[in-house]
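Q: Let me begin by handing over the structure; questions about it come next.
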Amino acid sequence: MRAGLLSTPDLPDRRFLAGMLLVTLVALGLRVFLLPSQPVSYDDYSMGVTAINYMESGQLGPIMWNHPELGNILVYGCMKLFGTGVLGLKGPSVAIGTLSVLLLGLVARRIAGDGRVALLAALFWALDPLAIDLSRQAVHEIYMSFFPLAGIWCICRYRATERSRWLFGAGILFGLGLAAKWSMLFPLAVSLAFVAHAIWRRDKGLSTRIAAMAGASAQLLLLPLLIYLLTFTPWFGRGYSMPEWLALQRSMYQETKLHSGLGQVEQRDHRALAWFVRPVSWTDTMINRVDEGDPAPMEDAMVDKRVTLLVALSNPFVWLLVLPAVFFTARRGIRERNEGLLFAVTLFLAAYLPLALTHSRPIFVNAALSVLPFALVPVAYLLVSTLCTTPARKRIFALYLALVVLASIPLYLLAIGKVAEVPFLRDYFLQI
Amino acid sequence: MKPVQRHLITTVAILLALALTVTLLDRYGRDARVFARVGGIDDRSVARYLVATPRDAYGIWKGMGVKGRTILFVSDGWERLDVSNVGDIPLSRAYPLKLYHIPTVMETEGLNDSNFLYVAALNGIARGIVAILSPAGFQQMTEMARQANNKRITPTEVYLTHQGFPRWFTTGEHFRGAGEPLLVYVSATYFRNAEPELLLQQLRASGITTDCIVLCELAGNDRVTALERERLLRFARLIGVNVARTEQQPGTMPENGARP
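So the sequence lines, in the order shown, correspond to chains A and B. Oh and the first sequence: position 390 is 390 in the working numbering, straight run, nothing missing. Oh and the second sequence: position 187 is 619 in the working numbering, straight run, nothing missing.
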């Protein structure tokens with residue numbers, strides 16, 4: 001089997017590194033631009049209060065009590081270091097959101113075996129309205145992109161070098177990912193299967209295989225569980241025991257399984273099946289009065305300056321390519337027996353299908369953050385494979401890229417809540 | 433070192449680390465619980481108080497320094513004593529944010545007769561509640577619980593969490609103890625349709641142990657009748673609380689142990 005993972009040189013060339021640096025800086029710029037003036041949402045503020053509540057009293061809630069606790073730990077730590085300003089509250093999200101761009105590039109280079117695919121995937125992620133929107137908020141949604149990518153990068157390094165320290169690193173990162181959101185379980189399962197398959201093919205003799213698989217399972221299952229457990233230390237400090245912890249996990253699962261969110265479900269995109277078939281959006285409405293003494297009632301939320309709408313509208317030029325790209329990549333992967341491409345497709349399917357097939361609760365677009373990084377690699381692979389071949393096709397590629405960037409401008413203004421200040425865009429987008 | 437040995441050492445080391453973590457966290461949690469002197473329901477050496485309001489009960493628990501405990505809440509119904517999500521998020525939110533510690537704010541500014549259990553939960557006094565309700569109160573609770581996500585309903589018990597905080601609801605007839613010393617709180621409302629002798633018999637039969645019993649008259653609550661308060665005092669006498677001073681000055685008497 002051909003393996004991009006094995007054939008990719010360990011050290012990227014300078015052009016790739018320079019490109020990644022540039023894309024990462026663009027990502028950082030888009031994530032911090034005008035951030036201090038972005039209103040603090042109810043969830044932003046509540047995240048700060050929840051983090052204090054958890055770290056100082058071990059109490060869950062008031063928001064997102066059914067999600068694991070890493071977000072509370074990071075936000076609290078950051079507020080301790082930098083205070084309750086924008087850096088303290090949103091620093092972890094901005095940093096993680098920016099670094100996820102770099103990681104996506106590194107992972108894509110490993111699994112596609114092509115620096116151009118990696119740069120393109122990273123650029124798509126840097127410009128993606130949903131990734132930008134949720135990297136600019138205190139809530140921990142963006143973590144579900146970063147930690148899987150970090151763990152998978154370690155898995156790729158392990159696959160290339162067969163040094164078990166990479167597996168150990170992956171275990172720690174997967175554990176942190178689990179402590180951020182349970183969606184981490186899907187890439188973790190794929191990674192474990194991928195490593196097991198590699199061990200089975202590499203090692204000879206049953207005892208060697210069993211020992212290697214036991215070592216890998218301990219590092220990819222037990223080690224993450226250990227990390228996950230440790231993040232509940234403040235909660236245990238309230239007097240709880242291990243059986244009570246198991247009961248809490250059941251409650252968290254039950255809530256997560258049935259959670260329907262706040263507000264009108266039917267008026268929002270709430271089915272994952274639609275994500276890559278038509279444009280979808282994730283909206284946050286923020287009401288932030290200048291001072292507490294401002295008693296004026298809200299008459300029209302669309303024109304009231306105290307109301308800010310952050311709308312993460314999917315970029316159709318990228319998102320609508322996902323399903324054909326996954327099909328193309330899978331076909332190419334099977335035909336060429338390319339381990340890296342098949343890994344990419346499996347990661348996407350494992351992350352997406354459980355959400356697409358969920359009917360017990362609405363799945364809102366914010367959950368796409370756990371899927372999109374794995375979707376962008378096939379999209380970039382499709383484009384590079386089909387359009388970067390002849391000069392004529394390269395011109396089409398350049399045109400396409402220009403289209404993506406142009407579309408990203410109004411989508412960016414929507415995502416950061418500034419579209420209302422541009423008359424034409426306001427009339428167009430906010431009448432949707 | 434051979435690869436097989438290396439893999440086995442890695443596996444064993446992680447297994448041990450996990451087992452140690454599980455043991456230490458469990459121990460850390462159990463050690464965080466703070467108890468006073470523990471005895472049976474009618475053990476005279478256990479601290480017992482007759483108080484006027486639920487807030488007084490909170491003050492007693494706070495003063496005793498108990499932590500990480502299960503409260504046995506005995507009342508006619510659950511009413512509005514829910515562990516509710518109080519989010520006083522200001523509409524004006526400018527950097528640097530004026531964030532607050534919910535348990536402290538609720539205790540100093542928000543404590544009232546309806547939320548004293550919630551505040552006890554926030555401040556680490558309670559880590560769970562077992563509620564003995566009247567049959568009608570239990571039935572009402574069962575109906576309410578059907579609409580919740582986190583519930584387990586049987587004919588004799590309802591288990592319901594709020595933001596991960598566990599609560600069990602049952603009746604005196606079906607209460608079977610809790611496997612640990614409880615903070616007992618008995619509201620006068622429980623005696624709307626119940627006799628004190630029967631409650632004591634049921635509590636004895638359950639074999640519970642406790643380090644603090646608080647009997648609450650709910651002074652000033654118009655819905656509590658004189659008969660209910662009289663039955664509460666009867667219950668107090670049954671467990672050996674001297675209610676003489678209380679009858680002269682309702683709601684002011686600590687029985688034994690110093691009022692915090």
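For each residue, glycine too, the CB sits at the ideal point set by N, CA and C. Treat the numbers as computed from the prediction; the structure is a model and nothing was measured.
With 7 angstroms as the C-beta to C-beta threshold (strictly closer), list the residues of the region 82-93 of chain A near chain B in chain order.
A: So the list reads G83, T84, G85, V86, L89, given in the order they occur along the chain.
Q: Below 8 angstroms on the Cβ atoms is my contact criterion, and I expect B:I473 with B:L635 to pass it. Report the Cβ-Cβ distance as a whole number of Å.
A: Walking along the second sequence from the start, residue 473 of chain B turns up at place 41. Walking along the second sequence from the start, residue 635 of chain B turns up at place 203. With 8 angstroms as the limit, B:I473 and B:L635 qualify as a contact, their Cβ atoms being about 5 angstroms apart.
Q: Contact criterion: CB-CB distance below 8 angstroms. Does A:S241 meet it with respect to chain B?
A: The sequence position of residue 241 of chain A within the first sequence is 241, counting from 1. Yes, A:S241 lies at the interface with chain B (some Cβ there is under 8 angstroms from its Cβ).
Q: Could you spell out where the alpha helix (DSSP H) holding B:K494 opens and where it closes?
A: Here residue 494 of chain B is taken as the residue at index 62 of the second sequence, counted from 1. 486-496 is the span of the alpha helix (DSSP H), which, as asked, contains B:K494.
Q: I'd like the list of long-range same chain contacts for A:L130, defined as Cβ closer than 8 angstroms, with 5 residues on each side in sequence excluded.
A: The residue you call residue 130 of chain A lines up with position 130 of the first sequence. Result list for A:L130: W282, A312, S314, V365, N366, A368, L369, L372, A415, in chain order.
Q: What residue range is occupied by the uninterrupted alpha helix (DSSP H) comprising B:K583?
A: Here residue 583 of chain B refers to the residue found at position 151 when the second sequence is read from its first residue. Segment 583-585 is the beta strand (DSSP E) holding B:K583; no alpha helix (DSSP H) there.
Q: To the nearest angstrom, how far is it from the Cα of A:V322 to the Cα of A:V384?
A: The count along the first sequence starts at 1 and reaches residue 322 of chain A at position 322. The count along the first sequence starts at 1 and reaches residue 384 of chain A at position 384. Taking the straight line from one Cα to the other gives about 14 angstroms.
Q: Out of B:R666, B:R501, B:L452, which one is the CA nearest neighbour of B:E616?
A: For the purposes of this step, residue 616 of chain B is identified with residue 184 of the second sequence, where counting begins at 1. One detail in the question is off: residue 616 of chain B reads as Val in this sequence, not Glu. Of the candidates B:R666, B:R501, B:L452, the one whose C-alpha sits nearest the C-alpha of B:V616 is B:R501.
Q: Measure the alpha-carbon distance for A:R393 versus B:N582 and round it to whole angstroms.
A: Counted from its first residue, the first sequence places residue 393 of chain A at position 393. Counted from its first residue, the second sequence places residue 582 of chain B at position 150. Using only the alpha carbons, I get a separation of about 56 angstroms.
Q: Since A:D427 is in the alpha helix (DSSP H), which residue starts that stretch and which ends it?
A: The sequence position of residue 427 of chain A within the first sequence is 427, counting from 1. Its alpha helix (DSSP H) spans residues 423-429.
Q: With 8 angstroms set as the bound, which would you pick, yes or no: does the beta-carbon of B:W579 sit closer than that to a beta-carbon of chain A?
A: Looking up residue 579 of chain B in the second sequence gives position 147. Looking at the sequence shown, residue 579 of chain B is not Trp but Gln. No, B:Q579 lies away from the interface with chain A (no Cβ there is under 8 angstroms from its Cβ).
Q: Return the first residue and the last residue of the alpha helix (DSSP H) that B:D463 is part of.
A: For the purposes of this step, residue 463 of chain B is taken as the residue at position 31 of the second sequence. That run of the alpha helix (DSSP H) goes 435-463.
Q: Tell me which same chain residues have a C-beta within less than 7 angstroms of the C-beta of B:F548, skipping the five on either side of it?
A: Counting from 1 along the second sequence, the entry for residue 548 of chain B is found at position 116. The residues are P486, R487, A489, Y490.
Q: With 9 angstroms as the C-beta to C-beta threshold (strictly closer), list the residues of the region 51-74 of chain A near chain B in chain order.
A: Within the region 51-74 of chain A, the qualifying residues are A51, I52, N53, E56, S57, G58, Q59, L60, G61, P62, I63, W65, N66.
Q: Check the C-beta distance from B:L447 over to B:S507 and give it rounded, since I have them as a contact under 8 angstroms.
A: The sequence position of residue 447 of chain B within the second sequence is 15, counting from 1. The sequence position of residue 507 of chain B within the second sequence is 75, counting from 1. About 47 angstroms separates the two Cβ atoms, so there is no contact after all.
Q: Check each candidate in B:T574, B:G596, B:F623 and name the one with the smallest Cα separation from B:P587.
A: Here residue 587 of chain B is taken as the residue at index 155 of the second sequence, counted from 1. Checked all of B:T574, B:G596, B:F623; the closest Cα to B:P587 is B:T574.
Q: So is A:L28 buried or exposed if we call it buried at 16+ other beta carbons inside 10 Å?
A: The sequence position of residue 28 of chain A within the first sequence is 28, counting from 1. A:L28 should be labelled buried.
Q: Quick one: does A:A214 have its CB under 8 angstroms from some CB of chain B?
A: Translated into the one-based positions of the first sequence, residue 214 of chain A becomes position 214. Chain B, which has a Cβ nearer than 8 angstroms to the Cβ of A:A214, makes this yes.
Q: Distance cutoff 8 angstroms, beta carbons only. Does A:G417 sit that close to anything in chain B?
A: One-based indexing of the first sequence puts residue 417 of chain A at position 417. A:G417 does not count as touching chain B.
Q: Anyone know if the C-beta pair for A:D13 and A:V139 falls short of 8 angstroms?
A: Within the first sequence, numbered from 1, the residue matching residue 13 of chain A stands at position 13. Within the first sequence, numbered from 1, the residue matching residue 139 of chain A stands at position 139. No, they are not a contact pair.
Q: Should the region 340-350 of chain A be regarded as contacting the region 396-409 of chain A, the criterion being three or more beta carbon pairs within less than 8 angstroms?
A: No contact exists between the region 340-350 of chain A and the region 396-409 of chain A.
Q: If I follow the unbroken alpha helix (DSSP H) through A:R31, where does it start and stop?
A: Within the first sequence, numbered from 1, the residue matching residue 31 of chain A stands at position 31. Unbroken alpha helix (DSSP H) run through A:R31: 14-32.
Q: Report the residues of the region 453-483 of chain B with a CB closer than 7 angstroms to any CB of chain A, ordered along the chain.
A: Listed by position along the chain: T453, V454, L457, D458, Y460, G461, R462, A464, R465.
Q: Under 9 angstroms Cβ-Cβ, which residues of chain A neighbour B:K499?
A: The residue given as residue 499 of chain B occupies position 67 in the second sequence. Result: R238, G239.
Q: Got a sec? Which residues, its chain only, sit under 8 angstroms from B:L452 by beta carbon, not counting five neighbours each side?
A: Position 20 of the second sequence holds residue 452 of chain B. Once the five neighbours on either side are set aside, B:L452 has no close Cβ partner at all.
Q: Does chain B have any CB closer than 8 angstroms to the CB of A:G48?
A: What you label residue 48 of chain A is simply residue 48 of the first sequence in a count that begins at 1. It does; some Cβ of chain B falls within 8 angstroms.
Q: For A:P39, which of helix, strand or coil comes out of DSSP?
A: To locate residue 39 of chain A, count along the first sequence from 1; it is residue 39. If DSSP states are grouped into helix, strand and coil, A:P39 belongs with coil.
Q: To the nearest angstrom, report how far apart A:R165 and A:L355 are at their CA atoms.
A: Reading the first sequence from its first residue, position 165 is the one you call residue 165 of chain A. Reading the first sequence from its first residue, position 355 is the one you call residue 355 of chain A. Those two C-alpha atoms are separated by around 32 angstroms.
Q: Using beta carbons (cut-off 8 angstroms, strictly below), is B:I585 in contact with chain A?
A: Against the second sequence, residue 585 of chain B aligns to sequence position 153. B:I585 does not count as touching chain A.
Q: Is A:Q137 buried or exposed, if buried means 16 or more other CB atoms sit within 10 Å of its CB?
A: Within the first sequence, residue 137 of chain A is the residue found at index 137, counting from 1. It counts as buried.
Q: For B:G495, count neighbouring C-beta atoms within 10 Å of its own C-beta (all shown protein chains included) and say buried if the count is 16 or more, exposed if not.
A: The residue labelled residue 495 of chain B in the question sits at position 63 within the second sequence. Per the 10 Å Cβ criterion, exposed.
Q: Should B:P528 and A:G48 be called a contact, given that it needs their Cβ atoms to be closer than 8 angstroms?
A: Indexing the second sequence from 1 puts residue 528 of chain B at position 96. Indexing the first sequence from 1 puts residue 48 of chain A at position 48. No.
Q: Note the first and the last residue of the continuous beta strand (DSSP E) segment covering A:Y158.
A: The residue given as residue 158 of chain A occupies position 158 in the first sequence. That residue, A:Y158, is in no beta strand (DSSP E); its alpha helix (DSSP H) goes 143-161.
Q: Out of curiosity, what's the CA-to-CA distance linking B:G556 and B:L665?
A: Residue 556 of chain B sits at position 124 when you count from the first residue of the second sequence. Residue 665 of chain B sits at position 233 when you count from the first residue of the second sequence. Answer to the nearest angstrom: the Cα atoms are 30 angstroms apart.
Q: So, using beta-carbon positions, are A:T50 and A:V101 closer together than 8 angstroms?
A: Against the first sequence, residue 50 of chain A aligns to sequence position 50. Against the first sequence, residue 101 of chain A aligns to sequence position 101. No, the pair does not count as a contact, with Cβ atoms beyond the cut-off.
Q: Is the shortest distance between the beta-carbon of A:M252 and the beta-carbons of chain B less than 8 angstroms?
A: Here the question's residue 252 of chain A lines up with position 252 in the first sequence. Cβ-Cβ to chain B under 8 angstroms: yes for A:M252.
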